[in-house]
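Numbering of the sequence shown is given in my numbering, commencing with residue 3 and proceeding in unit increments.
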Amino acid sequence: MTATLDAPSAAPVIPSFDVTLKVRRYLPGDDGTGEPYWDEFTVRAHGTDRVLDALHKVKWEEDGSLTFRRSCAHGVCGSDAMRINGRNRLACKTLLKDLDIKKPIIVEPIKGLPVIKDLVVDMEPFFASYREIMPFLITTGNEPTKERLQSAEQRARFDDTTKCILCAACTSSCPVFWTDGQYFGPAAIVNAHRFIFDSRDEGAAQRLEILNDKEGVWRCRTTFNCTEACPRGIEVTKAIQEVKRAMITRAF
Ligand code: SF4
Ligand code: FES
Numbered sequence: 003m004t005a006t007l008d009a010p011s012a013a014p015v016i017p018s019f020d021v022t023l024k025v026r027r028y029l030p031g032d033d034g035t036g037e038p039y040w041d042e043f044t045v046r047a048h049g050t051d052r053v054l055d056a057l058h059k060v061k062w063e064e065d066g067s068l069t070f071r072r073s074c075a076h077g078v079c080g081s082d083a084m085r086i087n088g089r090n091r092l093a094c095k096t097l098l099k100d101l102d103i104k105k106p107i108i109v110e111p112i113k114g115l116p117v118i119k120d121l122v123v124d125m126e127p128f129f130a131s132y133r134e135i136m137p138f139l140i141t142t143g144n145e146p147t148k149e150r151l152q153s154a155e156q157r158a159r160f161d162d163t164t165k166c167i168l169c170a171a172c173t174s175s176c177p178v179f180w181t182d183g184q185y186f187g188p189a190a191i192v193n194a195h196r197f198i199f200d201s202r203d204e205g206a207a208q209r210l211e212i213l214n215d216k217e218g219v220w221r222c223r224t225t226f227n228c229t230e231a232c233p234r235g236i237e238v239t240k241a242i243q244e245v246k247r248a249m250i251t252r253a254f
């Protein structure tokens, strides 16, 4: 008997289309000054492409000087937060098919942090606040001779805030942060929350004291921009409220 093989099926054709990106650009002069301006690029794309893919096409095929950050390209490293059509998003998690591609897609750097070039901002003020809240486990006494145990319930208490990837989408969407950049910002508070409610940690009182500052949690105006912006789905505003409550009740 002769075996017959099915003819290989043709690869599915994924429709392509033109998409225009309108990008806010900035090139500092030698003296550190320069005027921002808008640049438009039209590239061929597929519905399965993300905004990051379209930016790559521009950079690799049209204008190598276009500057943006990215690393993992899969929503893990947090390096490509930008404003896309007026909302903070990760370029690698924003599918073109979910945007109105009949109009140019507006791409800008996140707000409230100094722009270094094009879509790249200086993250140092953001990380300075993060460092201030001591984002590490604080314990006293001898090194444990075995794992520090924790119940599933105790772990669940701060599970949501462990998901942060430090992309700054929340902090740079906050109108209070935009005013003077002095506010600690949602991301620092989220990361304080992650340790304040960890049953193994002994630094909660110190962190609450740090955030009980005039630039701390009390500057939050509960606008929920941060929650809306978070690509990890963290309930950012809720975490801030829980830190405020812990400050008053000292229950953590
Ligand atoms: S809380 Fe969400 S938006 Fe804010 S830095 Fe972390 S991952 Fe990004
Ligand atoms: S490139 Fe890493 S999160 Fe987008």
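Virtual Cβ for every residue (Gly too), placed ideally from N, Cα, C.
On a predicted model such as this, the values are computed, not experimentally measured, just so you know.
Boundaries (first-last residue) of the beta strand (DSSP E) holding residue i
| i | result |
| --- | --- |
| Y39 | 39-48 |
| I107 | 107-110 |
| K24 | 18-27 |
Alpha carbon of residue i to alpha carbon of residue j, nearest angstrom
| i | j | result |
| --- | --- | --- |
| S73 | D82 | 8 Å |
| Y132 | C176 | 16 Å |
| M3 | R46 | Summary for M3: the model assigns pLDDT 46, below 50, so the residue's position carries little reliability, and this model does not support an answer. |
| Y28 | E37 | 6 Å |
| D41 | T142 | 55 Å |
| Y185 | R247 | 19 Å |
| V15 | T44 | 21 Å |
| I86 | S153 | 41 Å |
| A130 | P17 | 45 Å |
| A158 | L151 | 14 Å |
| L121 | N214 | 33 Å |
| A194 | T225 | 20 Å |
| R26 | E110 | 5 Å |
| R71 | N144 | 42 Å |
| G205 | I191 | 14 Å |
| Y39 | I198 | 43 Å |
| T50 | R221 | 40 Å |
| V60 | D102 | 19 Å |
| T69 | L57 | 9 Å |
| E217 | T173 | 13 Å |
| G114 | F128 | 10 Å |
| I1 | K24 | Lying outside 3 to 254, the shown extent of the chain, residue 1 is not represented and no answer is given. |
| G77 | R196 | 20 Å |
| V123 | E155 | 39 Å |
| L92 | G31 | 28 Å |
| V117 | D33 | 15 Å |
| T229 | D20 | 32 Å |
| P106 | H48 | 15 Å |
| T1 | A207 | Nothing can be reported for residue 1: it is not among the residues displayed for the chain, which extend from 3 to 254. |
| A189 | E149 | 28 Å |
| G183 | M125 | 12 Å |
Distance cut-off 7 Å: residue i Cβ against heavy atoms of the ligand FES
| i | result |
| --- | --- |
| D82 | yes |
| L92 | yes |
| R72 | yes |
| G183 | no |
| Q79 | According to the sequence shown, residue 79 is Cys rather than Gln. Within the cutoff, so yes. |
| H58 | no |
Terminal residues of the alpha helix (DSSP H) in which residue i lies
| i | result |
| --- | --- |
| K240 | 238-251 |
| H76 | Premise fails: H76 is in no alpha helix (DSSP H) and is neither H nor E. |
| A180 | The residue you asked about is not Ala; residue 180 is Trp in the sequence shown. It spans 177-182 - the alpha helix (DSSP H) in which W180 sits, taken as one unbroken run. |
| D55 | 53-59 |
| T229 | 227-231 |
| P188 | 188-198 |
| L213 | 206-213 |
Proximity test, residue i beta-carbon vs the ligand SF4 heavy atom, cut-off 7 Å
| i | result |
| --- | --- |
| R234 | yes |
| I108 | no |
| C1 | Outside the displayed range of the chain (3 to 254) lies residue 1, so it cannot be described from this structure. |
| C166 | yes |
| P188 | yes |
| C176 | no |
| V192 | yes |
| A171 | yes |
| V245 | no |
| V238 | yes |
| A75 | no |
Jot down the residue ranges of each uninterrupted alpha helix (DSSP H) in the stretch 79-167, minimum 4 residues, whole runs only, in chain order.
126-134, 154-158
May I ask you to verify whether the stretch 84-101 touches the stretch 131-148, counting CB pairs closer than 8 Å and requiring at least 3?
no
Determine, using beta-carbon pairs with one atom in the stretch 154-167 and one in the stretch 225-244, whether at least three such pairs fall under 8 Å.
yes
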